[in-house]
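Beneath this line is the structure, given in structure tokens, with notes to follow.
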Amino acid sequence: MRPKQSDNDNNEDARSTNSTLVNAGINSANDQDDDPEAIGNRSEGVIRRQGQVADIDEEESHSFRHGFELDFDENGLPPEHVYYMFYTDKRHEVTTGHNAELTLREWEPLQDWRMREKLKTISSLENIGKALQAQYEVWQPRARYKAALDPSMEDTKKLCCVLRRNAKEERILFHYNGHGVPKPTSSGEIWVFNKNYTQYIPVSLLDLQSWLGSPCIYVYDCSAAGNILLSFNRFAEKRDLESAKQAGPPQPGTTPAPPLRDCIQLAACGPDETLPMNPDLPADIFTACLTTPIEIALRWFVLQHPLLHNVTVDMVTRIPGKLNDRRTPLGELNWIFTSITDTIAWNVLSRDLFKTLFRQDLMVAALFRNFLLADRIMRSQKCTPMSSPVLPQTHQHPMWDSWDLALDMCLAQLPALLQTESNPSPVEYIPSMFFTEQLMAFEVWLNHGSPTQEAPEQLAIVLQVLLSQVHRLRALFLLSKFLDLGPWAVNHALAVGISPYVLKLLQSPAADLKPVLVFIWTRLLAVDRSFQNDLLKDNGFVYFVGILGVNAGMPLRNVSEHRAMCAFILATFCRDFPQGQQACLKQQVIQYCLTHITDGDHLLRQWACLCIGQLWKNYNEAKSVGLQAGVPERLTQMLTDPTAEVRAAAMWSLTSFISNLDQNEQVTQLQNNLAMGALVATTDASPIVRKELVIFLSCLVFDHYDAFISIASELLTSEQQLVGSKQESRTKHMDDRHDKMGPQAVYAVVWKALLCLSVDSNRGVATPASQLIDYVNYSLLSAPIAQSLTPILQQHSLRSQSMSSSSMNSLPLASQSQVTSDRPYTSATLGRGAANKVANTLRRSASLAVTLKSYIPGYSFGGQSSSETLKQQSMDSQPTPESRTSTSGLANGQSRTIRSTTPRPRSVHGDSGFMQSQSASAQAPPGSASPGAAHTSNGNVSSSHNDARPHLESGVESDEPGSVNYNERLWRRMRNEKIIYENQPLRDHAAGSCKWDTTHQSMNNESAAMHLVMHSYEPQMVIADDKRNLSVWNWKDGQLLNRFCNNNPRGTAITSVKFINEDDVAMLLVASGDGVVRLYRKYEDPTQTDMVTSWRVLTDMLPSSKSTGTITEWQQGGGVLLVGGDTRVIRVWDAARELCVS
């Protein structure tokens, strides 16, 4: 029997209410009767009447007091007993008397988690605090807890201030259990006791905010808890505005205090709601949901499903197992619960909010997982939990159905499991199929999912499956397929929190996990290299060093590809990370990479070179180790490797080696030897190799800057002395002069190579070389010797203006379109007149024109503009073949920049290119350079794996029957065979006898056609005119498809035009009289015309009165280009290797 409370008593403490009622009952009994028998019967709530008082009539006595009127029974007799309620029975004893309305049932023991046996009030209060602390320690065992049991206002303030002082900048958890005290007010007040426990004292949330500060997480378990949350946010907004006004602008070196609005709050119900009083559920059900979610979920599930006749509420508390043991029923349920709540949050929350609430703090993540369950359970009890930040509604998410199914499957086995104690043959627990089914759903999504870049629902579950040894390998394989979709997939995986799982797996010795883990880490580091500290902290990088080792066993046939990925991982690990460089040096990574630079897999050779370069970059100790092992000499030999990317990687590593060395005689000799070996790349067909050569030589120039200024002066003086002499004698005299210079001869050869590279046909190569030469020449003009060189420069200018076209054929000049209007002179040190004068006098002579661009008015050759560019570029990244650029003029004389990309062989895990080399630095005007720094490869180490296309399928999927590529190629092949079949008879019979007098189509090319070539299968015709232009026509309908400029130097003509790959997707090969070949793709589309590559195929052309230029022949079967012309030899170029093979 429970005491009934009036509406006015709803806000009173349970202990106070009960005490008042008990005291009133005892006083009434003493006034009426002191009979021992009556007193003894008070425990039963009944006092027997022993007769009437002598002086007062019984009926009259009853009429004196309210409620004691005689109430006769159905026989007309007065009642035999008078009932007095003293509320002294055991069922009327509450647990604490102050903070919870407990429900007692005489026929069933209390199921509340807070009380396991009947306790006295004081000990019960202490045990409640200990139990609550123990439950929180399950979720965050490392935190320090302090229980405040019925604290006064002074105790509350002291405790909060001490906690904030000790926590410093860490987050504080403040759990407020407001059962039995007045409800929080709408004005922002909660209630505590005074020191004597005689009255309630309001505590303003403003004071609480001042005591606890931020960051903090608040849990409010009381009726009308929403009032606290709303008032807190209102006060926090005002406080933050005031703090921002008082703080003013942020001071450097100071960290502003976290705003109060970032505090996290969890409230049990809304502002106008009362907590549920269901006798089958705990009174503090919100706290139970937050701290013991599995137990309360099982209890609620049993109550919601009355058909579970063989399972009682008492049985769910005895479910076998431990929370942290996933092999037991209880542990598996907790595992499934974590997966489901993470999945719900992942699918409904924003990525930033998910990371903040579920991935940054263990306690916050646990509370919000459990809050999702509390939201579902308490909504069924007519309460709406609130939170700050606000979460979307999740109580009806479809994943809760999976949770109910998991509970149902577990409870179905529970009766048999509980009987195992007395059963000699125990029942074996059957694990849930939840994770198997979810993996199957994830695999279905991968195979048949939407092409949109949206993460699958099961991604969070897949991470949880990694904890299971049974499903781990399959989960890793599916995860690797997902990451292989591209950077967007990697970003989703990082957002869901893949990092701690894959880091932990690096400690696993299982050999079958190595291939898939290597691939996963390759994809992760290709997008985000912030794992460097994590890999170093637990020695996770050693996992990849072991695989890279020569004797490391791998259960794969393509072990070289996985070693290449390991080299990439270690290169990223060392990049701009001195601790990583030191750790890899101790693990002998240089020796391992040196062993693999001769491997048959080009990717392994490439990444072995790059890994060495990253390891010894700005690390002299590693350079010493590499020098002792002969690594620089081996890298120099790699400059003739069959793969262009490997040659570029070797060149980059050499650049990393010679940069930032302490100069002495031995270092100078070493640099000179390496420079002479690197000059072999001047004739390389790959633009990325030539660009890396420019960067390599720029390091040498700035290390020996004075020497190169002297060389530039010597060349100008030699030109003056040899005026009027023949070219052969001039060249011989210059060579003899440099032979006499001793060590300076190396610098002279390097300077001439830079002059050649400054007029390279690829703008990405020519621009940095020109900037370097311009900077040296500008320094030369600023030197005292400049006055003596002025007459020489003026004479060079006069001779350059009188050069004939024939001399330009033999000594080609660079195209003016590459050196003119896009680079204005911006020197602040010279006036406009001086700038024009210097620019005019610096026009190269005929002999310098073989390697130098023509200086014209308005072209910036030095000064502030080009020097700034040279300084801003830093040696912190590597090149990539993805950005090879050039400038081509299009129709109507307009010039435009065309993105060019050299095709690369694909690998099993992606493009074989490496570090992304941005062409912005090459295309930028010299106005962004500054003196004193060498050119650099400006890009990203991970570009080869940072690709949106799948890599695991090795390109096979795109060529499978039914794919778009396959269908297009099949159609082209059938069309080509049909054309050949239909036209073969015409060639054999009609072509020689028919009259060619019928005009099929007439087209006006607007300029003289010098060369004409027709596509064998497409109705396309390309015409090269005498103005360096190429016109692409559709000869069937006479439509002009495209017109663009080949951009060869003025004075040279287009001498050869060929189609290559005509049987598939054709490209256009154009050769010009300066010995340069350019290759175009999508030549018929004005918006997508793309110069793939260009290089000088003839370097020793002879002067001739009747020049034939450059003549080419393409051998499609072998991928070989035959080149001849004004030269004594015919050169054979391998297109795939981008090398001259004969």
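Going by UniProt numbering, the first residue of the sequence shown is number 1, and it counts up by one from there.
Just so it is clear, CB atoms sit at the ideal spot from N, CA and C, and this is done for glycine as well.
Compare the C-alpha of TRP1035 against each of GLY1051, ASN1005, TYR592 and LYS1027 and name the closest. ASN1005
THR636 and LEU679 look like a contact to me (Cβ under 8 Å); what is the Cβ gap, rounded to whole Å? Rounded, the Cβ-Cβ distance is 10 Å, inconsistent with contact.
Going by beta carbon distance, what residues of the same chain come within less than 8 Å of ARG261, once the five residues before and after it are set aside? ASN233, ALA236, GLU237 and ASP240
If you compare alpha carbons, which of GLN438, ALA416, ASN324 and ASP774 is closest to LEU406? The displayed chain sequence assigns Ala, not Leu, to residue 406. Relative to the Cα of ALA406, the nearest Cα in the group GLN438, ALA416, ASN324 and ASP774 belongs to GLN438.
Could you round the C-beta distance between PHE193 and ASP150 to whole angstroms and report it? I think they count as a contact, below 8 Å. 6 Å
Are GLY626 and ILE612 closer than 8 Å when you measure CB to CB? yes
For SER1056, which beta-bridge partners are listed by DSSP? ALA1071
Continuous alpha helix (DSSP H) assignments of at least 4 residues falling wholly in the segment 222-289: For the segment 222-289, whole alpha helix (DSSP H) runs of length 4 or above, ordered along the chain, are 225-247.
8 Å contact criterion, which THR1093 and THR683 should meet: CB distance rounded: Going by Cβ atoms, the distance from THR1093 to THR683 rounds to 14 Å, so no, they are not a contact pair.
Quick one: Cα of VAL470 to Cα of PHE337, how far? 19 Å
Taking Cβ to Cβ, would you say TRP1095 is nearer than 8 Å to SER761? A contact, by the Cβ cut-off of 8 Å.
Contained alpha helix (DSSP H) runs [length at least 4] in the segment 974-1012, N- to C-terminal order: none
If you count every other CB in all the chains shown that lies within 10 Å of the CB of ASP1064, and 16 or more means buried, which is it? exposed
Quick check on the DSSP output: what are the complete beta strand (DSSP E) runs of length 3 or more inside the segment 1070-1124, in order along the chain? 1076-1081, 1090-1096 and 1110-1115
For GLU189, which of GLY1051, LEU639 and ALA224 has the nearest alpha-carbon? ALA224
Beta-carbon within less than 8 Å of ASP1085's beta-carbon, same chain only, minus the 5 sequence neighbours each way: which residues are those? The residues are LEU1041 and ASN1042.
With a threshold of 16 other CB atoms inside 10 Å of the CB of MET399, please say whether the residue is buried or exposed. buried
Please check the pair GLU443 and ASN347, which I expect to be a contact at CB under 8 Å, by giving their CB distance rounded to whole angstroms. Their Cβ separation, rounded to whole angstroms, is 19 Å, which puts GLU443 and ASN347 out of contact at 8 Å.
What residue range does the alpha helix (DSSP H) around TYR543 cover? From DSSP, the alpha helix (DSSP H) with TYR543 extends over 542-548.
Do you know offhand how far residue 1146's Cα is from VAL694's? Residue 1146 lies beyond the stretch modelled for the chain, which goes from 1 to 1142, so this question has no answer here.
What is the DSSP secondary structure of PHE577, reduced to helix, strand or coil? Looking at PHE577 - three-state DSSP - the assignment turns out to be coil, as it is neither helix nor strand.
Round the Cβ separation of HIS1011 and GLU1062 to the nearest angstrom and send it over; I've been treating them as touching at under 8 Å. No, HIS1011 and GLU1062 are not in contact; Cβ-Cβ is about 17 Å, not under 8 Å.
For LEU132, count neighbouring Cβ atoms within 10 angstroms of its own Cβ and tell me buried if that reaches 16, exposed if not. buried
Provide the residue span of the alpha helix (DSSP H) that contains HIS602, from first to last. 602-615
Can you tell me the Cα-Cα spacing of HIS989 and GLN1001, whole angstroms? 24 Å
Do TYR218 and PHE286 have their C-beta atoms closer together than 8 Å? Result no, Cβ atoms of TYR218 and PHE286 do not sit closer than 8 Å.
Name the one or two DSSP bridge partners that PHE482 has. Looking at the DSSP assignment, PHE482 forms no beta bridge with any residue, so it has no partner.
Beta-carbon separation of LEU1121 and THR1112 under 8 Å? For the 8 Å CB-CB criterion, LEU1121 and THR1112 form a contact.
Mapping DSSP to helix, strand and coil, what is ALA675? helix
Alpha carbons only, please: which of LEU716, VAL1070 and GLY1038 is nearest the one belonging to LEU1030? VAL1070
Tell me whether MET974 is buried or exposed, calling it buried when 16 or more other Cβ atoms sit within 10 Å of its Cβ. exposed
Identified DSSP bridge partners for VAL1020: Val is not the amino acid found at residue 1020; the sequence shown has Gln there. For GLN1020, which the question treats as bridged, DSSP gives the partners ASN1034.
Whole-angstrom Cβ separation of ARG647 and VAL689, contact assumed at under 8 Å? 5 Å
Less than 6 Å between C-beta atoms, sequence neighbours within five positions excluded: which residues of the same chain meet that for GLU692? Excluding positions up to five away in sequence, the list reads ALA648, MET651, TRP652 and PRO879.
Among GLN591, PRO578, GLN532 and HIS602, which residue has its Cα nearest to the Cα of ILE569? GLN532
For THR1127, the three-state DSSP class (helix, strand or coil): If DSSP states are grouped into helix, strand and coil, THR1127 belongs with coil.
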